[in-house]
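Protein chains in written order, with this note's numbering: chain Z, 126 to 415; chain B, 126 to 415. Where is the CB? At the ideal position from N, CA and C, for every residue including glycine. First the structure, in the form of structure tokens, and then the observations on it.
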């Protein structure tokens with residue numbers, strides 16, 4: 126039998142993202158052993174029981190020295206500290222990737238702490254469900270048919286990028302590449318802004334005296350529009366601040382758009398309203414999730 | 126066998142809303158015959174072929190004289206003209222209801238054209254799907270378990286309201302009552318505003334040079350948030366204008382809410398963002414569609 130592609134993988138954060146990565150690579154016969162690190166002993170024990178990881182790591186230096194691949198799958202806000210801790214112990218051939226939803230801030234933290242080893246870090250963002258979390262939610266096919274965006278750095282060698290790309294492809298994902306800047310602008314527009322708008326609508330209604338009456342008449346349109354408003358407050362606080370600049374530009378542009386709609390209402394401008402709704406309806410009608 | 130509750134029903138607009146009303150009452154053995162009127166001969170013929178209606182009406186005066194119940198199930202913008210046409214021919218005991226998504230404007234049109242016969246009109250809004258339309262989409266169980274809001278008028282007798290309520294209940298709906306004003310305020314907040322916000326987001330993205338790139342990375346959050354942006358532009362133009370005052374107030378209040386979020390981003394105010402997201406997440410998490 127051929128050697129596995131990655132003899133040893135070290136994962137920080139053994140929940141949905143990290144656990145599924147490990148299970149997928151195991152299923153693809155692409156890994157020797159998987160070692161997990163994390164803040165909660167209970168979570169680590171659960172991940173080991175479930176078979177998401179083979180071992181719970183304790184000696185960081187020893188584990189990192191001969192690791193082929195390190196995955197940071199913690200909340201983005203914890204990654205700076207992890208980069209600082211791993212930097213002194215990274216093996217020469219160890220590559221690092223991550224599962225963070227924002228990239229400029231993660232890259233900035235990596236540059237700050239990895240120094241000249243920054244070439245070993247190939248940032249990634251797997252576009253996969255965030256409604257469930259924890260080791261029990263991990264599954265080998267989470268990334269199957271999903272997108273993963275790599276945001277390679279100028280310092281990365283082509284071979285390193287190819288190797289990390291291969292890891293995500295072995296998980297079943299379709300991998301594409303953007304710059305970190307492009308990534309954050311795209312996701313501010315198509316993900317972070319909609320989340321913020323959905324939170325804002327529910328917060329708006331939730332503060333009213335007649336909120337129970339209002340919610341009792343809410344139907345399927347409301348249900349779908351606000352599904353993402355049930356997301357984790359902590360996670361979205363962190364994402365919003367991590368991608369603050371791009372998100373502020375998006376909110377500003379959206380407020381301008383909303384003012385155009387408001388003016389059309391104010392002016393009883395049926396043609397303008399129809400024009401806005403028609404373009405939106407056409408574009409949304411033709412859109413297909415890839 | 127007992128007499129049917131409604132010996133003769135006349136329906137204007139034989140598509141999803143009107144056709145399903147007819148099929149539901151037929152299934153409940155609650156109607157003798159159903160006569161359909163409409164603008165398109167082809168649609169009427171299709172409705173008859175499908176058995177949604179028994180006959181296509183031609184002599185308005187003759188059909189209305191002995192009708193028990195008239196349903197206006199056309200787009201709201203066409204209802205004023207229908208009230209004007211039916212007013213001279215309404216039988217003394219004929220009751221009228223409608224299926225419009227807005228109520229103040231329909232009531233205003235009814236008052237204008239029905240004059241003293243306004244007591245015969247009991248306005249209604251069935252909260253049932255609008256993604257499909259036309260006679261072929263009609264089904265006997267469309268209203269099963271759905272909500273119908275009646276907005277009775279001071280002129281209505283209790284017996285008339287009870288009779289129209291019964292018709293909707295025989296369709297399987299749960300009927301509640303609001304004033305027309307209350308109705309329009311509630312639906313501006315929980316339905317019309319979300320539609321407008323969703324249209325605005327897609328329109329915002331659709332106008333950009335990099336729209337194809339953006340849309341290629343949109344995922345399930347975007348999918349659900351924008352599902353309602355694929356709705357009919359004409360229908361939502363009409364609803365937006367029909368409920369213009371309440372909707373303008375809602376857009377204004379939402380813009381204020383959005384500014385609060387924007388300021389929290391600008392001030393790097395993690396606690397404020399988390400507070401907003403947490404209340405929204407709790408309220409949305411606890412909400413159940415009734």
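Look at residue i and residue j and say whether their C-beta atoms are less than 8 Å apart.
| i | j | result |
| --- | --- | --- |
| residue 179 of chain Z | residue 195 of chain Z | no |
| residue 346 of chain B | residue 251 of chain Z | no |
| residue 355 of chain Z | residue 138 of chain B | no |
| residue 214 of chain B | residue 186 of chain B | yes |
| residue 145 of chain Z | residue 265 of chain Z | yes |
| residue 397 of chain B | residue 405 of chain B | no |
| residue 350 of chain Z | residue 402 of chain B | no |
| residue 297 of chain B | residue 269 of chain B | yes |
| residue 220 of chain Z | residue 289 of chain Z | yes |
| residue 150 of chain Z | residue 162 of chain Z | no |
| residue 348 of chain Z | residue 414 of chain B | yes |
| residue 339 of chain B | residue 315 of chain Z | yes |
| residue 326 of chain Z | residue 322 of chain B | yes |
Does the CB of residue i have a neighbour CB from chain Z at under 8 Å?
| i | result |
| --- | --- |
| residue 233 of chain B | no |
| residue 268 of chain B | no |
| residue 259 of chain B | no |
| residue 346 of chain B | yes |
| residue 316 of chain B | yes |
| residue 262 of chain B | no |
| residue 320 of chain B | yes |
| residue 248 of chain B | no |
| residue 376 of chain B | yes |
| residue 293 of chain B | no |
| residue 141 of chain B | no |
| residue 302 of chain B | no |
| residue 208 of chain B | no |
| residue 388 of chain B | no |
| residue 275 of chain B | no |
| residue 203 of chain B | no |
| residue 358 of chain B | yes |
| residue 406 of chain B | yes |
Kindly indicate if chain B contains any beta-carbon less than 8 Å away from that of residue i.
| i | result |
| --- | --- |
| residue 327 of chain Z | yes |
| residue 393 of chain Z | yes |
| residue 338 of chain Z | yes |
| residue 224 of chain Z | no |
| residue 371 of chain Z | no |
| residue 297 of chain Z | no |
| residue 362 of chain Z | yes |
| residue 403 of chain Z | yes |
| residue 199 of chain Z | no |
| residue 351 of chain Z | yes |
| residue 311 of chain Z | yes |
Would you mind working out which of the options sits nearest residue i, comparing C-alpha positions?
| i | options | result |
| --- | --- | --- |
| residue 129 of chain Z | Z/234, Z/144, Z/192 | Z/192 |
| residue 234 of chain Z | Z/375, Z/210, Z/134, Z/285 | Z/210 |
| residue 201 of chain B | B/395, B/187, B/249, B/241 | B/249 |
| residue 208 of chain Z | Z/245, Z/148, Z/369, Z/177 | Z/245 |
| residue 228 of chain B | B/403, B/216, B/247, B/242 | B/247 |
| residue 377 of chain B | Z/391, Z/295, Z/190 | Z/391 |
| residue 313 of chain B | B/299, B/166, B/369, B/287 | B/369 |
| residue 361 of chain B | B/197, B/135, B/226 | B/226 |
| residue 273 of chain B | Z/324, Z/343, Z/288 | Z/343 |
| residue 328 of chain Z | B/380, B/338, B/333 | B/380 |
| residue 140 of chain Z | Z/253, Z/218, Z/153, Z/189 | Z/253 |
| residue 331 of chain B | Z/269, Z/271, Z/341, Z/407 | Z/407 |
| residue 363 of chain Z | Z/271, Z/231, Z/414 | Z/231 |
| residue 153 of chain Z | Z/294, Z/278, Z/161 | Z/294 |
| residue 183 of chain B | B/175, B/353, B/414, B/170 | B/170 |
| residue 282 of chain B | B/218, B/238, B/357, B/239 | B/218 |
| residue 174 of chain Z | Z/263, Z/394, Z/236 | Z/263 |
| residue 375 of chain B | Z/374, Z/387, Z/165 | Z/387 |
Assuming residue i and residue j form a contact by the criterion Cβ under 8 Å, report the distance between their Cβ atoms to the nearest whole angstrom.
| i | j | result |
| --- | --- | --- |
| residue 292 of chain B | residue 222 of chain B | 7 Å |
| residue 286 of chain Z | residue 303 of chain Z | Contact flag wrong, Cβ pair sits at about 13 Å. |
| residue 156 of chain Z | residue 181 of chain Z | That belief does not hold up - the Cβ atoms of residue 156 of chain Z and residue 181 of chain Z are roughly 16 Å apart, past 8 Å. |
| residue 242 of chain B | residue 261 of chain B | About 34 Å; that fails the 8 Å criterion. |
| residue 197 of chain Z | residue 216 of chain Z | Not confirmed; about 16 Å, so no contact. |
| residue 359 of chain Z | residue 399 of chain B | 7 Å |
How about residue i: is its Cβ closer than 7 Å to a heavy atom in the ligand COA?
| i | result |
| --- | --- |
| residue 139 of chain B | Here there are no bound small molecules, and the ligand COA is not part of this structure. |
Which parts of the region 129 to 188 of chain B are runs of the beta strand (DSSP E), unbroken and 3 residues or longer, counting only runs that do not cross its ends? 131 to 137, 156 to 162
Which runs of the alpha helix (DSSP H) at least 4 residues long sit entirely within the region 358 to 382 of chain Z? Give them in chain order. 358 to 367
Those runs of the alpha helix (DSSP H) which lie wholly inside the region 282 to 361 of chain Z and span at least 4 residues: 283 to 295, 305 to 312, 318 to 331, 336 to 341, 345 to 350
I'd like the ranges of any beta strand (DSSP E) spanning at least 3 consecutive residues and lying wholly in the region 194 to 268 of chain Z. 194 to 197, 220 to 223, 249 to 252
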